[in-house]
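In our numbering, the protein residues as written are 590 to 786.
Think of the CB as a built atom: it goes at the ideal place given N, C-alpha and C, for glycine as much as any other residue.
Bear in mind that the values here come from a model prediction, so they are computed numbers and not experimental data.
Read the structure below first, then the notes.
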Amino acid sequence: MSKHQTSAPLPLTDTLTPGVPLDQIGRTLASFYDDLVSEGVPEHLAALVRRVRQEADQPARQEAGVAASATAHPRLALVVEDDPEIRALAETLLEETELDVIGCNSAEAALSVLQARGGEVALVFADVRLAGQMDGLQLARAVATLWPRARLVVTSGHDLPRPELPQEAVFIAKPWRPLDVLVEAERAAAEPPPPVL
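What follows is the structure, encoded as structure tokens:
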């Protein structure tokens, strides 16, 4: 006789009392599942036990997965600016956040990084005027379409009509204040990373 059994088994109706939640029954079954398996358990009860065990294990797995993905794949900030001094200033500023920083002098260079590591990019901070064939607005449209999880911040020394910017983009006029950039970086870092598929 198992240590979990009583001398007189309870009638089935007493174990499935109306009003007792199924997950509570599942937790109880899970507590002595190994003994039940050796004695034979109906498949619908075994399925309930498996579901309860998975739900109990899921938060721990998710926390471990988030920690592992954060360690294995750091979140990135792309600074896309053709002026080397301004780019260096923005890079230095963003290095104070929890994001790793990559500087690019053109939209084409930024797209290369995005194609290789787009799932890790949390923030794209781009000037409108850039070296190369594409400008910052074209880059912003590409990011909004292809990497919608990345926070998009566009900057320029000239006013931009709102229709030219993607709806998801934030506009910061030049000369930008460091605090405004840091606030956007913190918002990007606070977003959960995309799931690893």
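Buried versus exposed, by CB contacts within 10 Å (16 or more), residue i
i    : result
A656 : Confidence at A656 is low in this model, with a pLDDT of 48, below 50, so the placement of that residue should be treated as unreliable; the coordinate-derived value is given next. When all chains shown are included, A656 counts as exposed.
T734 : exposed
A779 : exposed
S701 : exposed
L744 : Correcting the residue identity first, residue 744 is Thr in this sequence and not Leu. Per the 10 Å Cβ criterion, buried.
L768 : exposed
G725 : buried
E684 : exposed
R766 : exposed
E674 : exposed
A715 : buried
A699 : buried
Assigned secondary structure, residue i (DSSP; H/G/I helix, E/B strand, else coil)
i    : result
D716 : strand
T686 : coil
A661 : Unreliable placement is indicated for A661, whose pLDDT of 47 sits below 50; no coordinate value is reported for it.
R740 : strand
A733 : helix
G721 : coil
G746 : coil
Nearest-angstrom Cα separation, counted from residue j out to residue i
i    : j    : result
V717 : R676 : 13 Å
Q727 : E709 : 21 Å
E773 : Q722 : 27 Å
A666 : I691 : 6 Å
E687 : G707 : 17 Å
W736 : E775 : 18 Å
R751 : A758 : 10 Å
V669 : G746 : 15 Å
L712 : V742 : 8 Å
Limits of the unbroken beta strand (DSSP E) element including residue i
i    : result
A762 : 759-762
Limits of the alpha helix (DSSP H) - the one that residue i falls within
i    : result
P767 : 767-779
R751 : Looking at the DSSP string, R751 is not in any alpha helix (DSSP H), and its letter there is neither H nor E.
S701 : 696-706
The ligand NAD heavy atom lying under 8 Å from the CB of residue i
i    : result
I691 : Within the structure as shown, the ligand NAD is missing, as the structure has no ligands at all.
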